[in-house]
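Residue numbers (the working numbering): 229 to 666.
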C-alpha cells in the first residue's frame, strides 16, 4: 500500500525522497521494492550514491573508505602490470589522508617523506566515477553488516550481560572504531595480496616485518589493539574450516600421487590457517557468515567446503608475524594525542585518542605502558568482548570499571615487571663482573 502511494507521486517528488534517504540500507530497500524507484535510481545513480555515502560515512570512516578504494584500484593496476605488492606507493596517499583527522598537526619526521601535499578526503571523493562509488557502496554495505555482527558477538561476552540486553545501537564513536578496523583489514589485504600470474606464485612474498614496517606501524598501539580484537572475532567465525584443502599447486605431483589425501586435505586447522583465511578479506568473511546461517546442515556444509577447497597454503601467518614485530620506539611519540601515548582519556569524540578502557589497561609504573601492553597481551581475554571499542557512557551503563579490566591484565603486568627486573639484574651482574675483572 505504502509503495503504491509513493509510486503515485510525481517524478520530482520521487527524486526528493531518493536524495533524502539517510543510509545505503534504506536506499537499497526502496529501489529493490519498487521498479519505478529502481529506474529513477539508475538514471541518477552516481549523484545518489555520492549523496548517501557522504551523509552516512563519518570522517574517520570516510578516510578509510576512500583509502580502501584507492588500494583496490592499485591492486587492479598491479595485476595488469605483474607487480606483486604496493605498500609504499599507497602511503603517499594514505598518510596525507590520515592528516584530515587532525589538520592542526604536522606529520612526524618519520612520515613527512610521504606527505608531499595536503589532501582533502572530500575533494578526492568528489572525483570518483560511478563505478568507483558502486564499489565503495558495495564494500561499505559489507562493513556495516560485519560491524553489526561484531557487536552481537562481543555482547555475548560482556561481564554480567543478560540475554535480553544483548542488543544495542552503537554510538557514532563506537561505530567509527568498529568500521575503521574492518576497513583497515581490507586495505591490508588489498596491499599485500599475493597475486598469482598464470597459476604461478609471485617472485616476492611479504614477510611479517614488511607488513609491520610498511603499513601497520602507522597505527597507534590502541588502533593495533582494535585490529587484534577484530582478529579475535574473525577467528571465532573460522573456528572450523570444513573441507579446507591445499591447492595442488603447492605440492610435488609425485607426492600427491603417492598420498593425495594427506597432501590435499587435513583437519589440523590452527591460527595460522585462520589468519590466512582472514586475509582473504571482508567480502570472503561476509559470504562465510551468510553461509554459516543456512539452516539446512547438508547445504551449509557443501557451500562451506566449496569456499575452503584449495584455499590453504597460499598464506603463512604474515599478519601473525607482523604483530610479533616489536614496535620501533621512534614511532611512539606522534599519535596525534599530544604525546600521551594513550595514557590519558580525552573524549569519545576525539578521533585520535583511545577509549577509556584502554587507559585502564596501562600500568602507571611502566614507561611506554601502552607499547608494553600491546606487545605482551597475546591472549588477553578482554578481546572477547571488544573492550577497546566501547564508549565511557556504555562502560558505565554496564557497570564495568577499572578494577574489572585491571584484573584481566594483572598477569601481563607482573610478567613485564619480572622481565624488567631480570634485565636489571643481568646488567648489574655484568657491571659487577666487569668491575671485578679490572
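Ideal Cβ placement from N, Cα and C applies to all residues, glycine included.
Between residue 584 and residue 623, the C-beta spacing is below 8 Å.
Under a 10 Å Cβ-count criterion, residue 266 is classified as exposed, with fewer than 16 other Cβ atoms of the shown protein chains found around its own Cβ. Distance from the CA atom of residue 375 to the CA atom of residue 410, rounded to whole angstroms, is 8 Å. Inter-segment contact for the stretch 365-384 and the stretch 506-519 is present: three or more beta-carbon pairs are separated by less than 8 Å. For residue 540, the beta-bridge partners assigned by DSSP are 474.
By the Cβ neighbour-count rule, residue 503 is buried, with 16 or more other Cβ atoms within 10 Å of its own. Under the DSSP assignment, residue 459 falls in the alpha helix (DSSP H) whose first and last residues are 449-465. Sixteen is the threshold: since fewer than 16 other Cβ atoms of the shown chains lie within 10 Å of the Cβ of residue 244, the residue is exposed. Closest option to residue 597, judged by alpha-carbon separation, among 640, 359, 403, 238: 640. When DSSP states are grouped into helix, strand and coil, residue 574 belongs to the coil group. From the listed residues 370, 303, 455, 321, the smallest Cα separation to residue 294 is found for 321. For residue 589, same chain residues with a beta-carbon under 7 Å away, outside a window of 5 residues either side, are 601, 633, 637 in chain order. When only Cα atoms are considered, residue 497 and residue 469 end up about 7 Å apart.
Nearest to residue 405 by C-alpha distance, out of 571, 253, 287, is 287. Contact annotation: the stretch 356-363 does not touch the stretch 394-402, with fewer than three C-beta pairs closer than 8 Å. Bounds of any alpha helix (DSSP H) do not take in residue 521, whose DSSP letter is neither H nor E.
Look at the beta carbons and you see the stretch 276-292 touching the stretch 252-262: at least three pairs across the two are nearer than 8 Å. A distance below 8 Å separates the beta carbons of residue 573 and residue 587. Per DSSP, reduced to three states, the secondary structure at residue 445 is helical.
With fewer than 16 other Cβ atoms from the protein chains shown falling within 10 Å of its own Cβ, residue 261 counts as exposed. Runs of the alpha helix (DSSP H) spanning 4 or more residues and lying entirely within the stretch 350-389 occur at 358-383, in chain order. For the 8 Å CB-CB criterion, residue 270 and residue 418 do not form a contact. Per the coordinates, the alpha-carbon of residue 655 lies some 41 Å from the alpha-carbon of residue 628. Exclusion of the five residues before and after residue 319 leaves 342 as the residues of its chain whose Cβ lies within less than 6 Å of its Cβ. When only Cα atoms are considered, residue 575 and residue 465 end up about 32 Å apart.
DSSP, reduced to helix, strand and coil, places residue 609 within a helical segment of the structure shown. CA-to-CA, the gap between residue 299 and residue 416 works out to about 9 Å.
Look at residue 511 here: in three-state DSSP terms it is helix. By the neighbour-count criterion, in which a residue is buried when 16 or more other Cβ atoms sit within 10 angstroms of its Cβ, residue 328 is buried. Within a 10 Å sphere around the beta-carbon of residue 444 sit 16 or more other beta-carbons, which makes this residue buried.
The shortest CA-to-CA distance from residue 537 to any of 473, 380, 290, 354 is the one to 473. Exclusion of the five residues before and after residue 582 leaves 450, 570 as the residues of its chain whose Cβ lies within less than 6 Å of its Cβ.
Going by DSSP, residue 320 is part of the alpha helix (DSSP H) stretching over 315-326.
The beta carbon of residue 522 is closer than 6 Å to those of 528 in its chain, skipping five residues each way along the sequence. Taken through DSSP and simplified to helix, strand or coil, residue 406 comes out as helix. Put simply, of 401, 388, 607, 509 the residue whose alpha carbon is nearest the alpha carbon of residue 367 is 509.
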